[in-house]
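Under the numbering used here, the first residue of the sequence shown carries the number 13, and numbering increases by one thereafter. Here a beta-carbon is modelled for each residue, glycine too, at the ideal position from N, C-alpha and C.
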Amino acid sequence: MTRIDSAESAGGRLGAVLSAPRTGVHALGTHGPWLATTPAVAREVLTDPARFDFPSDVSRTGDLSGSTGDTRSGHLVFAPLDPAQVALGRATFVREWADAVRDHDRARPGQPYDALDLLRRPVARATTAAATPALAPAERDAVGDAVLDWIDALGPVIAARRPPGRWSRLRRREARARTHLEDLLASLDAVERPAETATFLAAGIQVPIAAGAFLLAHLASHPTGAVDPVSAVWETLRLTPPTWMTARITREEVALGGTTVPAGSVVMVSPLLLGRLEDLVPGGPAPLGDFEPTRWEGPRRPGAWLPFGAGPHACPGRTLGLAVLTEVATWGVEREMVLSERVRIDQSRGISPRPCRFTATTRTEPSA
Ligand code: HEM
Numbered sequence: 013m014t015r016i017d018s019a020e021s022a023g024g025r026l027g028a029v030l031s032a033p034r035t036g037v038h039a040l041g042t043h044g045p046w047l048a049t050t051p052a053v054a055r056e057v058l059t060d061p062a063r064f065d066f067p068s069d070v071s072r073t074g075d076l077s078g079s080t081g082d083t084r085s086g087h088l089v090f091a092p093l094d095p096a097q098v099a100l101g102r103a104t105f106v107r108e109w110a111d112a113v114r115d116h117d118r119a120r121p122g123q124p125y126d127a128l129d130l131l132r133r134p135v136a137r138a139t140t141a142a143a144t145p146a147l148a149p150a151e152r153d154a155v156g157d158a159v160l161d162w163i164d165a166l167g168p169v170i171a172a173r174r175p176p177g178r179w180s181r182l183r184r185r186e187a188r189a190r191t192h193l194e195d196l197l198a199s200l201d202a203v204e205r206p207a208e209t210a211t212f213l214a215a216g217i218q219v220p221i222a223a224g225a226f227l228l229a230h231l232a233s234h235p236t237g238a239v240d241p242v243s244a245v246w247e248t249l250r251l252t253p254p255t256w257m258t259a260r261i262t263r264e265e266v267a268l269g270g271t272t273v274p275a276g277s278v279v280m281v282s283p284l285l286l287g288r289l290e291d292l293v294p295g296g297p298a299p300l301g302d303f304e305p306t307r308w309e310g311p312r313r314p315g316a317w318l319p320f321g322a323g324p325h326a327c328p329g330r331t332l333g334l335a336v337l338t339e340v341a342t343w344g345v346e347r348e349m350v351l352s353e354r355v356r357i358d359q360s361r362g363i364s365p366r367p368c369r370f371t372a373t374t375r376t377e378p379s380a
C-alpha cells in the first residue's frame, strides 16, 4: 500500500532532532542551537518570557506561527478566539470544504484530490471569518485570498538555504504581497490593527492547511475503517505536528536542565520530539512512531507534547484548529481513501506532506 513516510525516516533536521539524547537540554551544534528534550524543560522555556524571549524575524523562523512581527521584546499576545468566533469559523469551513470537494468533482471527476490545494480556500476563509467576524462575506473572502498570496510569497523566502537579500526578487515579492494584504485590511473599517491581523491570519492559515493534509495522508495510509475522528486528529498532531519546532532566545545566561546556556542563544522546543516520549503517550502494543488513534480512546488526555505550544504565545486558534481538523477527519473516515503516490515530509517550511494526492470514495458500510 502507498503510505506516508515516517518522521523517523525523513532525515534532515527532523532526524537530528529525533536522535537527540533525552537528557534535558542538548546542543545541536558546537554553540547551539539548544534543544529542550524533556517536557519540564520545554515548559520552562515556553512559559517564562522574562528569560526566554520571542524571536522577532517572521520570515526566517521556518514557521509562520512563530511570528509576531517586530514585537520581539514587546511580547504582543493574541487573545484566544471566543466560542462565537470558533462557531463561525467552523461553519464557514464546513460550507467551503463541501464546495471545494464539489468543485473538484465537477471539474475533474475521478481525478485525485490534492490535499494541500483542497484545504487552502476552506481554511483561509474559516480562519478569516473567525478572526474578523465583523467583515462582510465578500470582504472576508478577499482578505483570505490576500493572506494565501502572502503565504505563497513567503514560502520561498523561508525555504531558501541562505536568507535572501533585502532587495532580492523573493523579498520584494513577499513585501509586495504583505503590503497588499495590510493595505486591504487598513481600508476596512472593521479591522483595527492591520499588521497584527495580517500576522494572526497567516499563522492561522498555513499551519492548519498542513495539519489537515497530514491528517488525510495518515487516514489514507491506515484505512482501518473504524476510527474515532477526534482520536485521529490528536494522533496526527502527535506524529506530525506542523509546528514541529518553535524557538526562543535567552535574554541572559540561564541554567537549564543541568546545563548553562549563554545569553543570546536559540533554544528550541519540538512537539515532534516530545510526542515520542513514552511517559507522555499511552503505548499499548503500537510503537510510538506508528499512527494508532485508538491509543487516545483510554483515560489519558492528549496534548502533553504541546502541539499548540504553551505559555503567553500558545496558539490562540487552538479550538478552531481542532474543530476544523475534526471536520476533516469525519469526512475522511466516511471514505475509502487511497494515496496516489508516496507522501514525503517536506521540511522546507515547518513540515508539510508533499506531494499529498489521494482518491476518495464514500464507504458503503458505516465505518464505526
Ligand atoms: C491545527 C491547527 C494549529 C496548530 C497545530 C497550531 C500550532 C501553533 C503553535 C505550536 C503555536 C506556538 C508557536 C510558538 O510557541 O512559537 C501557535 C501560535 C499561533 N497560532 Fe496556531 N496552530 C493551529 C491553528 C491556528 C489557528 C486556526 C489560528 C487562528 C485562527 C492560529 C493562530 C496562531 C497565532 C496567531 C499564533 C501566534 C501566537 C503568538 O505568537 O503569541 N493557529 N500555533
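Taking 4 residues as the shortest admissible run, the region 174-198 contains the following complete alpha helix (DSSP H) segments, listed from N- to C-terminal end: 181-198. Not one heavy atom of the ligand HEM is found less than 8 Å from the C-beta of Val273.
Taken in chain order, the complete beta strand (DSSP E) segments of 3 residues or longer contained in the region 204-279 are 258-262, 266-268, 271-273.
In this structure, Pro311 has its beta carbon at no less than 8 Å from each heavy atom of the ligand HEM. Membership of Asp117 in the alpha helix (DSSP H) is indicated by the continuous run 95-119.
A Cβ-Cβ contact shorter than 9 Å links Val53 with Val37. Counting of Cβ neighbours within 10 angstroms places Ser364 among the buried residues, the total reaching 16 or more. Three or more beta-carbon pairs drawn from the region 277-284 and the region 255-266 are found closer than 8 Å, and the two stretches are therefore classed as touching.
The C-alpha of Arg375 is placed about 32 Å away from the C-alpha of Gly216. Its chain contains Ile16, Ala127, Leu351, Val355, Pro365, Cys368, Phe370 as the residues whose beta carbon lies nearer than 8 Å to that of Ala229, once the 5 sequence neighbours on both sides are disregarded; these appear in chain order. Thr374: member of the beta strand (DSSP E) spanning 369-374, first to last residue. In the structure shown, Arg347 adopts extended strand secondary structure according to DSSP, grouped into three states. Here Gly36 carries a coil assignment [DSSP, helix/strand/coil].
Between the alpha carbons of Gln359 and Arg25 lies a distance of about 8 Å. Under the DSSP assignment, Pro61 falls outside any alpha helix (DSSP H); it carries neither an H nor an E label. Closest option to Trp317, judged by alpha-carbon separation, among Pro299, Thr209, Pro294: Pro294. Exposed is the label assigned to Ser199, since fewer than 16 other Cβ atoms lie within 10 Å of its Cβ.
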